[in-house]
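K.L.:
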Amino acid sequence: MQQASGAGASPSHPLPSYLQADHLGPWGNYLKQVDRVTPYLGNLSRWVETLKRPKRILIVDVPIELDNGTIDHFEGYRVQHNLSRGPGKGGVRFHQDVTLSEVMALSAWMSVKTAAVNVPYGGAKGGIRVDPKTLSRAELERMTRRYTSEIGLIIGPSKDIPAPDVNTNEQIMAWMMDTYSMNTGEAATGVVTGKPVDLGGSLGRREATGRGVFTVGLEAAHHTGLKIEGARVAVQGFGNVGGTAAKLFCEVGARLVAVQDHTGTIVHEGGLDAVALLAHVASTGGVAGFPGAEKLADEDFWGVPCEILIPAALESQITAENAPKIHAKLVIEGANGPTTPEADDILHDSGVLVLPDVIANAGGVTVSYFEWVQDFSSFFWTEDEINARLVRIMKEAFAGVWQTAQEHKVSLRTATFIIACTRMLHAREMRGLYP
Ligand SMILES: NC(=O)c1ccc[n+]([C@@H]2O[C@H](COP(=O)([O-])OP(=O)(O)OC[C@H]3O[C@@H](n4cnc5c(N)ncnc54)[C@H](O)[C@@H]3O)[C@@H](O)[C@H]2O)c1
139 MQQASGAGAS PSHPLPSYLQ ADHLGPWGNY LKQVDRVTPY LGNLSRWVET
189 LKRPKRILIV DVPIELDNGT IDHFEGYRVQ HNLSRGPGKG GVRFHQDVTL
239 SEVMALSAWM SVKTAAVNVP YGGAKGGIRV DPKTLSRAEL ERMTRRYTSE
289 IGLIIGPSKD IPAPDVNTNE QIMAWMMDTY SMNTGEAATG VVTGKPVDLG
339 GSLGRREATG RGVFTVGLEA AHHTGLKIEG ARVAVQGFGN VGGTAAKLFC
389 EVGARLVAVQ DHTGTIVHEG GLDAVALLAH VASTGGVAGF PGAEKLADED
439 FWGVPCEILI PAALESQITA ENAPKIHAKL VIEGANGPTT PEADDILHDS
489 GVLVLPDVIA NAGGVTVSYF EWVQDFSSFF WTEDEINARL VRIMKEAFAG
539 VWQTAQEHKV SLRTATFIIA CTRMLHAREM RGLYP
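Residue numbers are given in this note's numbering: position 29 of the sequence shown equals residue 167, and the series is strictly consecutive.
#1: Specify the secondary structure class of I209 as computed by DSSP and reduced to three states.
#2: Might you give, ordered along the chain, the residues of its own chain that have their beta carbon closer than 7 Å to the beta carbon of A253, omitting 5 neighbours on each side?
#3: Where does H233 sit, in a helix, a strand or coil, going by DSSP?
#4: Go ahead and label D298 buried or exposed: buried means 16 or more other beta carbons lie within 10 angstroms of its beta carbon, across all protein chains shown.
#5: Please report the residue range of the beta strand (DSSP E) in which P449 lies.
#6: Excluding the 5 residues flanking R566 on each side, which residues of the same chain have their C-beta closer than 6 Å to its C-beta?
#7: Considering only the alpha carbon of each residue, which of N307, V268, Y168, G294 lies closest to V250?
#8: Suppose you measure from the CA of R275 to the CA of T282; what does that come to, to the nearest Å?
#9: Going by the C-beta, is E453 closer than 8 Å to any heavy atom of ligand 1?
#10: For I289, which option in A243, I195, E345 has the closest C-alpha, if you only look at C-alpha atoms?
#11: Assuming V371 contacts A358 under a Cβ cut-off of 8 Å, what Cβ separation, rounded to an integer in Å, is found between them?
#12: Tell me where the alpha helix (DSSP H) around T322 begins and ends.
#13: List the DSSP bridge partners of R194.
#14: Does the Cβ of P201 lie closer than 8 Å to at least one heavy atom of ligand 1?
#15: Buried or exposed: S421, going by 16 or more other Cβ atoms within 10 Å of its Cβ?
#16: Compute the distance between the beta-carbons of V574 and V405, then report whether it is under 9 Å.
#17: Run the proximity test for D399: is its beta-carbon closer than 8 Å to any non-hydrogen atom belonging to ligand 1?
#18: How many angstroms separate the CA atom of P300 from the CA atom of G265?
#19: Between the Cα of I531 and those of G180, K170, V257, R231, spot the shortest distance and give me the residue it belongs to.
#20: Quick check on the burial criterion: 16 or more other C-beta atoms within 10 angstroms. Buried or exposed for I197?
If you want it as structure tokens, here you go:
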């Protein structure tokens, strides 16, 4: 359980004055990923600076009255990284460690992701620097509503569409939708995705990211000859993404041998019951104390023997320090940005195949796209239709990434960036610069 580490600036990047070169955080990791793709962009590389600076950053003060009558202020962000291919799209994170660098990086990875699966969006992200567990439900609602009002200047169904991320859920989306609707005077269901199904949400959205992780995992296993039945799975983060992915892998015969979350690390060589563990997390708030499991020191999680490792918590978790301990065959990035560029190289050299976030966790934004389309047309699809369309898009996107990786002899991450950045910069070039 490690905090996001800093990443040094590369001298090739002129930095805006609001960033510190010696502590670029996740944004520094993203810039290094852009450096790696640039040689493959051909003539479009003349536009590459577009990718190295967000189009728009909004920093807001979020004041609320606490239940005890005092006033507290929270730091809020909404960053729109790239809008060349369509409106902004990306989650909202409530976490005490949220920083501008983090939200910038997350918004950029959204641009890459939406382009990689070819849904008609740009990339955006938002966040509030708060530990929501310290707030009452009423305080959480007031904070969410005030934040939504503050960023209301730049969001909207055809401008920028938020969704859930770490510590935000359907209830938060319902409050965001209601606040925006009250302010604009119309029932704007399309302003956020990940809403409750009774409020214009989509069937299958809650499980979509985990289902996407599972789908690309199966595809990669197929390409590499890894047998899923009996394969050992270790998961960091047992929330929406990690919990769903673990459950789906268990349903096809894989064995969940280790889980880590913010409450600790548990292991059981014989296999943890994913469904019972989900119920335990729902009632206690974390995996710690799950009956029948053994407790493990957090730092030993990465060395647990397994075939499939799924980081599904926060960014910069797999680093140069712990990457040498990883002997999995597949790392499937459920989280955004869990692997630093240095760790990426170490895993590559030791033959671990990394399925990068920008394709592996794109299932969420894909079904968010379906939700948005359903809201606009006011016509809703069945869960089977949604899952079938999701699986088709994920498989097609993965096949393209796999082929590009073979063609250029690059990692799956660089291959995904090649496809996505080409789409984004081609759109940029076709639109031209205004005025
Ligand atoms: N929800 C989505 O649709 C979606 C889509 C794409 C990507 N993601 C990414 O997936 C990741 C998880 O998101 P989520 O929606 O499942 O969030 P969530 O809030 O449902 O779950 C987060 C999980 O991470 C764990 N965690 C938090 N801090 C930790 C730490 N320091 N060490 C170990 N575990 C820790 C929590 O205990 C929890 O189990 C994030 O990186 C998010 O950006 C989410």
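Every residue gets a Cβ at the ideal spot worked out from N, C-alpha and C, and that includes glycine.
P.N.:
The answer reads as follows:
#1: strand
#2: R223, A558, R561, M562
#3: strand
#4: buried
#5: 446 to 449
#6: W185, T188, S222
#7: Y168
#8: 10 Å
#9: yes
#10: I195
#11: Going by Cβ atoms, the distance from V371 to A358 rounds to 13 Å, so no, they are not a contact pair.
#12: 308 to 322
#13: Q218
#14: no
#15: exposed
#16: A question about residue 574 goes unanswered here, because the residues of the chain that appear run from 139 up to 573.
#17: yes
#18: 10 Å
#19: V257
#20: exposed
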